[in-house]
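>
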Amino acid sequence: MQTPHRDGFETLAIHAGQEPDPVTGAVVPPIYQVSTYKQDGVGGLRGKELGEAARWIEGYEYSRTDNPTRGALEECLTALEGGARSLVFASGMAASDCLIRAVCKPGDHVLIPDDAYGGTFRLFDKVLTGWGVTYRPVTMQDATGVQAALTDRPVRLIWVETPTNPLLGIADIAALGRVARDAGALLVVDNTFASPYLQQPLSLGADAVVHSTTKYIGGHSDVVGGAVVVTDTALGDDLYFLRNAVGSVPGPFDAWLTLRGAKTLAVRMERHCQNAQRIAEMLVSHPAVAEVYYPGLPSHPGHEVAAKQMHGFGGMVSFRARGGPPEAVGICGRTRLFTLGESLGGVESLIEYPAQMTHSSAAGSELEVPADLVRLSVGIESVDDLIEDLRTALG
Ligand SMILES: Cc1ncc(COP(=O)(O)O)c(C=O)c1O
């Protein structure tokens, strides 16, 4: 029997969910900038008569519920992550919130990384605790420790980031998948730092993937968005229900921009990885740098796991300034090409000071980040220019 042909990642990024418009032939999904749709009699939603080729423009009633441009993006992301269904949101945080509230109910307990993104920590610590969901930070890099934490009390959900923001910690997704399954917990991986091009957690045993599509998938620092991709269609239905009930959807233009970004994800990620590797190697030997965090360095404690589960080591690099916090702040103010700003994953390089910027909400908690830490989002500019810029800023 012939195995059905499965297109490669780059092909899916350009074609999945993006058949030419069956009516006009437009080769990219148009921006359906519309809130509501004419019905032919009560319950008479349009498009059914066009058949399978038009499934993405059929059956629309109201754009909080469904929109064809958004649907095209969802179909593409489902293919890129190898899931059963995906839903996109107005932001990465909206995606995380919807997933957690679709899965957990008041009284449930969750494990989170002890070095999670500050906004994720804030969501658990300041919002979901008020809703009756408790959490415990654990070191996700140690699957045995996670297993031990699961024996204390029932856990509904294990939230993993890998690589983590901003310390680039690496968790073994396959090992955590086994641990979660044995404990009857759901394994969620925030795949924002890797992108689906570098890592596909669902194929390694995760139940759900979360993205801030603001980052690598959008890729151009011009749109905020989020996504959840799941393997279980029943969970997909729950998410669909909750998103429609709550209304945390992206607008059609934002969905279109994100889909346009996704088309070039593979080629951008290749260059992000190459540039970041060169920069990490330069930083390791620089006298103003005390420590470098990049999973592509053989000295990184997660290097072997990253090499096993990732297709490249990504574009994020963090380092500690030997001169301490004032020097870390000073470096952030002296670059020319690395723009001082939050966010990451765009084509342009960014630099930031996590302790007072992206991770200020973790100050005073177990997740507080080192005060001498600088985080780089390495873009796809000429790497020699980026290296020269950093050398000048480091002094
Ligand atoms: C790892 C990670 N997850 C989630 C988010 C939240 O995404 P958004 O800013 O799109 O809400 C971010 C944002 O920086 C992030 O870095």
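Residues 1 to 395 (the numbering used here) make up the sequence shown, in order. From the three backbone atoms N, C-alpha and C, an ideal C-beta is built for every residue, glycine too.
1. Per the contact definition of three or more C-beta pairs closer than 8 Å, is the segment 236 to 248 in contact with the segment 105 to 121?
2. Would residue 301 and residue 67 be called neighbours here (beta carbons separated by less than 7 Å)?
3. Less than 6 Å between the CB of residue 293 and some heavy atom of ligand 1, yes or no?
4. Would the beta-carbon of residue 160 fall within 7 Å of that of residue 149?
5. When you compare only the Cα positions, how much space is there between residue 386 and residue 288?
6. With the cut-off set at 7 Å, would you say residue 47 and residue 58 are in Cβ contact?
7. When every heavy atom of ligand 1 is checked, does at least one fall within less than 6 Å of the C-beta of residue 212?
8. Using a threshold of 6 Å, is the CB atom of residue 314 nearer than that to any non-hydrogen atom of ligand 1?
9. To the nearest angstrom, report how far apart residue 299 and residue 50 are at their CA atoms.
10. If we call anything under 7 Å between Cβ atoms a contact, is residue 401 one with residue 334?
11. With DSSP collapsed to three states, give me the class of residue 211.
12. Nearest to residue 33 by CA position, among 63, 18, 357, 218, is which residue?
13. Exposed or buried, what is residue 366 when buried is set at 16 or more other beta-carbons lying within 10 Å of its beta-carbon?
14. Pick helix, strand or coil for residue 293, following the three-state DSSP scheme.
15. Below 8 Å, how does it come out for the segment 66 to 81 and the segment 7 to 16: are there three or more Cβ pairs, yes or no?
16. DSSP three-state label for residue 227, please.
Quick look at the numbers:
1. no
2. Position 301 of the sequence shown holds residue 301. Position 67 of the sequence shown holds residue 67. Their beta carbons are not under 7 Å apart, which means residue 301 does not touch residue 67 by this criterion.
3. Locating residue 293 in the sequence shown gives position 293, counting from the first residue. Outside the cutoff, so no.
4. Within the sequence shown, residue 160 is the residue found at index 160, counting from 1. Within the sequence shown, residue 149 is the residue found at index 149, counting from 1. Residue 160 places its beta carbon 7 Å or farther from that of residue 149.
5. Sequence index remark: in the sequence shown, residue 386 carries index 386 (1-based). Sequence index remark: in the sequence shown, residue 288 carries index 288 (1-based). Whole-angstrom Cα-Cα distance: 17 Å.
6. On the sequence shown, position 47 is the one that residue 47 refers to. On the sequence shown, position 58 is the one that residue 58 refers to. Yes, they are a contact pair.
7. Residue mapping note: residue 212 aligns to position 212 of the sequence shown, counting from 1. Yes, since a heavy atom of ligand 1 falls inside the 6 Å radius drawn around the Cβ of residue 212.
8. Indexing the sequence shown from 1 puts residue 314 at position 314. False, no ligand heavy atom lies under 6 Å from that Cβ.
9. On the sequence shown, residue 299 is found 299 positions in, with the first residue counted as 1. On the sequence shown, residue 50 is found 50 positions in, with the first residue counted as 1. Looking at the two C-alpha atoms, the distance is approximately 57 Å.
10. Coverage of the chain is limited to positions 1 through 395, which leaves residue 401 absent and any answer about it impossible.
11. Start at 1 with the first residue of the sequence shown, and residue 211 comes out as number 211. Looking at residue 211 - three-state DSSP - the assignment turns out to be strand.
12. Counting from 1 along the sequence shown, the entry for residue 33 is found at position 33. Among 63, 18, 357, 218, the Cα nearest to that of residue 33 is on 63.
13. As a first step, residue 366 must be located in the sequence shown, where it is residue number 366. Residue 366 is exposed by the Cβ-count criterion.
14. Locating residue 293 in the sequence shown gives position 293, counting from the first residue. Note: residue 293 maps to strand in three-state DSSP.
15. yes
16. Against the sequence shown, residue 227 aligns to sequence position 227. Of the three classes helix, strand and coil, the one that applies to residue 227 here is strand, per DSSP.
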